[in-house]
Amino acid sequence: MELLNNLGLGLGVALSLTNLSYCFLGALLGTLVGVIPGLGVLAAISMLFPLTFNLEPTTALIMLAGIWYGTTYGGSTASILLNLPGTPANAVTCLDGYPMARQGRGGVALFMTTVASFFGASFGIILLTLFTPIIAEYALSFGSAEYFALMLMGLIASSTVSNGSAVKGLSMVVLGIIIGLVGMDTQTAAMRYTFGILGLLEGVSLIALAMGVFGVAEIIMSIRRVNKADIDPESVKLKAIKPTADEVRRSWLPMLRGSSLGSFFGTLPGTGPSIAAFLSYAVEKRVSSSPERFGKGAIEGIMGPEAANNAADQTAFIPTLSLGVPGSATMALMLGALMIHGIAPGPTLITDQPELFWGLIMSFWVGNIILLLLNIPLIGVWVRLLMIPYNILYPAVLMFICIGAYASGMMVLNVWMVAIFGALGFVMRVLNFPGAPLLLGFVLGPMMEEHFRRAMVLSRGDFMTFFDRPISSVIMILTGLILLWSVWSSEGFRQRRSQRSESV
Amino acid sequence: MYKHNYTDMAGGALMIAIGATVSLIAISEYSLGSLKRMGPGMFPAGLGAILTFLGLILVIQSFGKAGERPDIRFWSPLFVLGGIAAFALIIVPFGLIPAILAITIISSFAELKVRPVSLAILCLALCILAPGVFRFGLGLQLPLIQWPF
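Chains as they are written, first to last, in the working numbering: chain H, 4 to 507; chain X, 154 to 302.
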């Protein structure tokens, strides 16, 4: 009964005219940016973030969430039509979506991925509604030792489980935490690493960091590499989007399996939508009676992964909203956005800010319905957007990044920061370092330090406090196991896998 | 293909340099405190040490594996970052419109091909669109154009 009341409260918040229109705007802009090749969800959120500065926290978060899942929807469009994944989570969709587009069934593929995305997202939202309050209540008993252990596990898992070298992932996490140190130390008011620059007193701007590392660096890497679309406009006309009865029949089970897989992996730190999508594809290929069709335009090969990555997108909010511990860089960015709007994340969020929490959850649903309605008639528009040459798109995107950076705090310093982090992101990319762990470390770093220092004060300088308390010791042991596993599996296995992912 | 992975070697060296610098600054400039009551320098000093250690592992590993020649573009980062720098220099003294023109024109050179007509149209479109969104849509106090002298 209480749940129904809460859902009603949330629905009321989500359906208010302001929130509804910003949800719509966010979803629209997110899809728009998601369609542009080379700009992932992190770049999209950080680019559009300045638009939310003047909004109420709830409205701002609703709009940001809209941008976020809009990007995921938009990303599948670029995957299918161009064989260019708009976001890493959509990379699998290329495998069967692009062949479908080549066969003149691009419209069907786009329509069906929209359906799969909606199905997966709804599945994730139901779980989110049911489990977040339970976990949050449980987490009320957590102390600093538990929080430190949880954050440590989140950081280590997300930097070692993802593709590529574990050592490089860990280096980026540590570098991110170091960048997070810049500014005034909250406990002693000492200035750290500000080099006498007044604007750095409050630390490095999250927006400038994300725009530099994910926006600018991405653009530098894409220039003269992204080719103009080679799309047959006929294949995506509205009348060409109707799937056959056979395709509909073959889509149900993959969607269901994909949603379950996605929901599970979405909640774990470090896995998230990309891994869920890859696994879902592997599962569909395994259970299929005709695996040879995969890679040549099998509808199962897009339905499963798209349902999986959208379900994972939603369940990733469970640890973020219930514990205040994000499991992925995207969630870290959302959390950072919350903090910029003056809201402290954590288990008390649900009881302290019920309008925000339930409003956000119900807006997920509203937003996904908006996307469903938006995407099907607008498929033609997105396609036309893909046909805009990149040499016109990227200066425009850069301009928006610059103005957005300047507008965040009206400081020229932030524009310089974008340039510096753009350079850093470019160097990292050339040297094959992943960007996401850097952002995660940056957001979690200050909280981690605070909890670490507080736990050490409480234990009178005894490191064993992290192992004496049962919950924190379980988490620490798990973290140790993840670390051991990543060391054990690092060399041969990882090298092969990273080579394979590069060739995709 | 190279005999050693020079990309990882350079990356490791960079991490060692950053880590060592961070630790040195922390130890020399900020008070470390004790484990019971940590000062502002303790956490950074530890982080710097960890980063140095990770960098060392990368360098050591890089000798054991072959590496590919990285694909480095020189002009793309130069023009893109140069455009952003120009924007930063221009926005306050001269206002929004000159800053937009600067970043659009400079960054478009990264294509290494100048298309005067499409560039002019793009500049015009952005100079109308950007003030529309940020100044009139979002109400940001940005002067469109001004002469500081």
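Glycine residues also receive a C-beta, built at the ideal position from the N, C-alpha and C atoms.
* **Reduced DSSP secondary structure (H/G/I, E/B, other) of residue 349 (chain H)** => coil
* To do: Identify whether residue 77 (chain H) lies in helix, strand or coil by the three-state DSSP scheme.
  => helix
* Asked: Are the C-beta of residue 507 (chain H) and some C-beta of chain X separated by less than 7 Å?
  -> Any reading at residue 507 (chain H) must be qualified, since the residue scores a pLDDT of 42, below 50, and its modelled position is unreliable; no value is offered.
* To do: Go ahead and pull the three-state DSSP assignment for residue 196 (chain H).
  => coil
* To do: Using DSSP bridges, identify the partner residues of residue 155 (chain X).
  => X:220
* To do: Give a yes or no on whether the minimum CB-CB distance between residue 183 (chain X) and chain H is below 7 Å.
  => yes
* Within 7 Å, strictly: CB atoms of residue 256 (chain X) and residue 240 (chain X) -> yes
* **Reduced DSSP category for residue 214 (chain H) - H, G, I as helix; E, B as strand; rest coil** => helix
* 6 Å CB neighbourhood of residue 210 (chain H) in its chain, flanking five on each side removed -> 49, 52, 411
* Does any CB atom of chain H fall closer than 7 Å to the CB of residue 221 (chain X)? -> no
* Alpha-carbon to alpha-carbon, residue 336 (chain H) and residue 212 (chain H) -> 11 Å
* Within-7 Å CB hit, residue 471 (chain H) to chain X -> no
* Strand pairing of residue 191 (chain X), partner residues [DSSP] -> X:186
* Hey, could you find the ends of the alpha helix (DSSP H) residue 448 (chain H) is sitting in? => 439-461
* Output, in sequence order along the chain, the residues in the region 408-421 of chain H whose CB is closer than 7 Å to any CB in chain X. => 409, 410, 415, 418, 419, 421
* For a contact meaning CB atoms closer than 7 Å, what does residue 215 (chain X) contact in chain H? -> The premise fails here: residue 215 (chain X) is roughly 10 Å from chain H at the closest Cβ pair, so nothing lies under 7 Å.
* Quick one, which residues of the region 178-196 of chain H are near chain X if we go by CB-CB under 8 Å, in chain order? -> 178, 180, 181, 184, 188, 190, 191, 193, 195, 196
* To do: Give the single residue among H:329, H:303, H:130, H:299 whose Cα lies nearest to the Cα of residue 261 (chain H).
  => H:303
* **Cα-Cα separation between residue 207 (chain X) and residue 436 (chain H), rounded to whole angstroms** => 13 Å
* To do: Output the distance between the C-alpha atoms of residue 223 (chain X) and residue 219 (chain H), rounded to the nearest integer angstrom.
  => 19 Å
* To do: Return no unless some Cβ of chain H is closer than 7 Å to the Cβ of residue 210 (chain X).
  => yes
* Buried or exposed: residue 288 (chain H), going by 16 or more other Cβ atoms within 10 Å of its Cβ? -> buried
* Give the residues of chain H in contact with residue 189 (chain X), contact being defined as C-beta atoms less than 8 Å apart. => 459, 460, 463, 464
* To do: Taking 8 Å as the threshold, find out whether the region 447-467 of chain H comes into contact with the region 138-157 of chain H through three or more Cβ pairs.
  => yes
* To do: Using a Cβ cut-off of 7 Å (strictly closer), state whether residue 425 (chain H) contacts chain X.
  => yes
* Scan the region 248-325 of chain H and note each continuous alpha helix (DSSP H) run of 4 residues or more that stays entirely inside, going in chain order. => 248-270, 275-290, 303-318
* To do: Report buried or exposed for residue 317 (chain H), applying the criterion of at least 16 other Cβ atoms within 10 angstroms of its Cβ.
  => buried
* Asked: Listing by chain order, which chain X residues have their CB less than 7 Å from the CB of residue 452 (chain H)?
  -> 196
* In this structure, what does DSSP give as the bridge partners for residue 172 (chain X)? -> Answer is none; residue 172 (chain X) lacks a bridge partner.
* Pull up the distance between the alpha-carbon of residue 185 (chain H) and that of residue 178 (chain H), whole angstroms please. => 12 Å
* To do: Rounded to whole angstroms, what's the CA-CA distance from residue 496 (chain H) to residue 489 (chain H)? Just pull it up for me.
  => Confidence at residue 496 (chain H) is low in this model, with a pLDDT of 49, below 50, so the placement of that residue is unreliable and no value is reported for it.
* Starting from the beta carbon of residue 387 (chain H), find every residue of chain X whose beta carbon is closer than 7 Å, and list them in chain order. => The premise fails here: residue 387 (chain H) is roughly 16 Å from chain X at the closest Cβ pair, so nothing lies under 7 Å.
* Alpha carbon to alpha carbon, how far is residue 218 (chain X) from residue 200 (chain X)? -> 27 Å
* **Min CB distance residue 240 (chain X) to chain H below 7 Å** => yes
* Bridge partners of residue 186 (chain H), per DSSP? -> H:195
* Asked: For the region 271-278 of chain X against the region 392-400 of chain H, are there 3 or more C-beta pairs whose distance is under 8 Å?
  -> yes
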